[in-house]
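Below: one structure, written as structure tokens.
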Amino acid sequence: MASRPYVRPVPATAPPVLNVVDGAFVEGMSTFDKISPVDGAVVATVHEAGPELVDAAVAAGRRALDGPWGRMSTAERARLLRRVADRIEERFDDLVDAEVRDTGKPLEQARTLDVARAAVNFTTFADVVAGQGLDSYLTEMAGGARALNYAVPKPLGVVGVVVPWNLPLLLLTWKVAPALACGNAVVVKPSEETPSTATLLGEIMSEAGVPDGVYNVVHGFGPGSTGEALTTHEGIDGVTFTGESSTGSAIMRAVAPRVRPVSFELGGKNAAVVFADCDLERTVDGLARSIFTNTGQVCLSTERVYIERPVFDDVVAGLVERARALRLGRPDAPGTTTGPLISAAHREKVRRYLELAREDGAQELFGGGVPDLGADLAGGAWIEPTLWTGLDHSSRVLHEEVFGPVAALVPFDTEDEAIRLANDTRYGLAAAVWTRDLSRGHRVAQAMRVGMSWVNTWYLRDLRTPFGGAGLSGIGQEGGAHSLHFYTEPTNVCVQL
Ligand SMILES: NC(=O)c1ccc[n+]([C@@H]2O[C@H](COP(=O)([O-])OP(=O)(O)OC[C@H]3O[C@@H](n4cnc5c(N)ncnc54)[C@H](O)[C@@H]3O)[C@@H](O)[C@H]2O)c1
Ligand SMILES: O=C/C=C/C=C(\O)C(=O)O
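FYI, in UniProt numbering the residues of the sequence shown are 1 to 497.
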């Protein structure tokens, strides 16, 4: 996606963030402040939906399924999704402003990744669903009898969509696009940290002609609030969730009494394995991207780097140089490469891991604390990018997800040792292997117990591929036709011929 010349600085505050129910923008049972992670200022007032509004949203979704939306053809839905993508492009800067105001992420990233991918998510699933054939068979029995079997894909119904704060619009549309492509209605619960683009997408849906009630948004928190009200609601036919593994467990319990399907994209503790024959400059650049992108707040981020001993010092030196070159600052300040963490609370979590690493004997090669960025940013959730060596494999820092701009650098001597160390985790989301020997690249990438394994690259995405994790990292895969499997429930018809 070509990056656009940005035409204006990001407005510091926004109008109240409302819920979207049945095509209307409605206030909630209470309000809470959205605090800027950049400087601690109040950037918006958000309306917490509460159980009654969740009930109204689920009912609106049901009515939409019983109305024109439920009777719309696949081709018509695909056309609508493409119109949504076009409208996202037309309101591109509004979405960038909202995303940047909520997250503090650099403008360049919000433009080239977060909002750009939102449009692509809609066009991708318009294409996938339009091109999807029917699962059918001509069955030939002994004695010459025959039958025709065909599976009719039907939407799950009203789908609860619960999403996190790190790539808010990208991850929300990664779920909403296929859900709508398959004819579902959705009730979305965005993170309380990043409410704005979900509501803005409600305007865009309406402007594109998506019928009222198909796309609903209910703001609030998790336990004891809107999130729990949604996932425990009798009228929800399935839940797709991206977030922490522990939250996934809670949501699994919430839907268990009604035995509803779940699709989970959860946490990770991702490893990179660097062999001595790698292309050093390209590898260090790729490692730095995988550690520091989005201030390390990407589920796919590398937090463990295993380096073959002969190149350990060179890779360490290269990563320290890349960390030193990072520019922390306001999203719309020239040259900013790195924003803050999402909140003061999340920064405290990351700081506890910095302290834990020190207690466990880590040597801080870079960072390790809170940067002094001047008085006007002192209220923000800033943290120094941090690189460690000297941590024992038993340290919690090597087994628990920090979800910040941090990585432990660990030497190894043999391929088997590297694979054993990388796979010694309860997570299983992503891995990266850096080597010029491609037969080794294939071999080691396949040996990783993860959902996604990259060789000489990171976060290169073909949206048709299965995206999901093993172990604590998730249940199910989303992406291409894999998403259609989750968002539909087929009826197989067998006709004796
Ligand atoms: N695998 C992936 O694709 C992927 C992508 C992005 C983030 N993540 C993970 O998400 C985490 C960071 O995001 P986060 O802090 O927003 O996660 P989180 O689990 O704290 O919250 C995610 C969402 O769930 C809601 N929620 C929390 N508790 C709930 C409950 N009991 N019932 C219903 N809803 C509830 C929150 O309000 C939020 O909207 C990290 O662990 C990261 O690895 C995974
Ligand atoms: O933080 C996690 C990032 C997930 C990214 C995707 O789901 C994607 O690129 O489709």
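C-beta: ideal position from N, C-alpha, C; glycine also.
The model shown is predicted, which means the values in this text are computed figures rather than measured ones.
- The residue from SER245, VAL255 and ALA130 with its alpha-carbon nearest to that of GLY235 is VAL255.
- Annotation for ARG111 indicates a beta carbon at 6 Å or more from all heavy atoms of ligand 2.
- Comparing C-alpha distances from ASP93 to each of GLY368, GLY390 and THR112 shows the shortest one belongs to THR112.
- Using a Cβ distance threshold of 7 Å, VAL129 and ALA181 count as a contacting pair.
- Closest in alpha carbon position to VAL350, among THR124, ALA445, VAL410 and GLY404, is GLY404.
- Taking a contact as a CB-CB distance under 8 Å, the pair VAL370 and TRP382 counts as one, their CB atoms being some 6 Å apart.
- In the same chain as THR488, and ignoring 5 residues on each side of it, the C-beta atoms closer than 7 Å to its own belong to PRO153, LYS154, PRO155, LEU156 and CYS182, in chain order.
- For ALA208, the CB contacts under 6 Å within the same chain, skipping 5 residues up- and downstream, are ARG83, VAL84 and ARG87 in chain order.
- In this chain, PHE403 is not harboured by any alpha helix (DSSP H), its DSSP state being neither H nor E.
- Judged by pairs of C-beta atoms under 8 Å, the segment 138-145 does not touch the segment 164-172, as fewer than three such pairs exist.
- Of all alpha-carbon atoms in LEU107, LYS175 and ARG79, the one lying nearest the alpha-carbon of LEU463 is that of LYS175.
- The three-state reading of DSSP puts ARG146 in strand, counting E and B together.
- When DSSP reads this structure, PRO153 sits in a beta bridge with PRO490.
- Spatial neighbours of THR242 in its own chain (CB-CB distance under 6 Å, excluding positions within 5 residues in sequence) are listed in chain order as VAL163, PRO164, LEU171 and GLU265.
- For ASN166, the Cβ falls inside the 6 Å cut-off from some heavy atom of ligand 1.
- Using a C-beta cut-off of 8 Å, the segment 220-229 makes no contact with the segment 417-436, since fewer than three inter-stretch Cβ pairs fall below that distance.
- Here the alpha carbons of PRO190 and GLY474 stand approximately 19 Å from one another.
- Sequence-distant Cβ neighbours of VAL320 in its own chain, meaning closer than 7 Å and more than five residues away, are LEU365, PHE366 and LEU387.
- Across the set VAL158, ARG461, ALA12 and ALA14, the C-alpha of VAL158 shows the shortest separation from the C-alpha of GLY61.
- Under DSSP, the beta-bridge partners assigned to GLN363 are THR389.
- Taking a contact to require three or more Cβ pairs closer than 8 Å, the segment 394-404 and the segment 336-356 qualify as touching.
- Look at the segment 289-349 and you find these whole runs of alpha helix (DSSP H), each 4 residues long or longer: 312-325.
- With a cutoff of 7 Å on beta-carbon distance, GLY28 and HIS47 are scored as near each other.
- Contact fails between the segment 444-460 and the segment 319-339, because fewer than three Cβ pairs, one in each stretch, are under 8 Å apart.
- Comparing alpha-carbon positions, the option among ASN270, LEU373, ASP360 and ARG330 lying closest to ARG426 turns out to be ASN270.
- With respect to ASN216, VAL20 sits close: the two C-beta atoms are nearer than 7 Å.
- Between PHE32 and GLU192 the beta-carbon gap is near 7 Å, inside 8 Å, which marks them as a contact.
- Cβ neighbours of GLY318 within its own chain (closer than 6 Å, five residues either side excluded): VAL284.
- In the structure shown, the three-state DSSP call for ASN166 is coil.
- Selection VAL493, ALA431, PRO195 and SER246 evaluated against ASP97 yields PRO195 as nearest (Cα-Cα).
- Listed as beta-bridge partners of TRP454 by DSSP are ALA432.
- Its chain contains ARG146, ALA147 and LEU148 as the residues whose beta carbon lies nearer than 7 Å to that of LEU497, once the 5 sequence neighbours on both sides are disregarded; these appear in chain order.
- Taking each of PRO51, GLU478 and PRO334 in turn and checking the Cα distance to SER225, the smallest one comes out for PRO51.
- When the alpha-carbon of GLY390 is set against those of VAL406, GLY380, PHE412 and GLN363, the nearest one is in GLN363.
- VAL188 places its beta carbon 7 Å or farther from that of ALA179.
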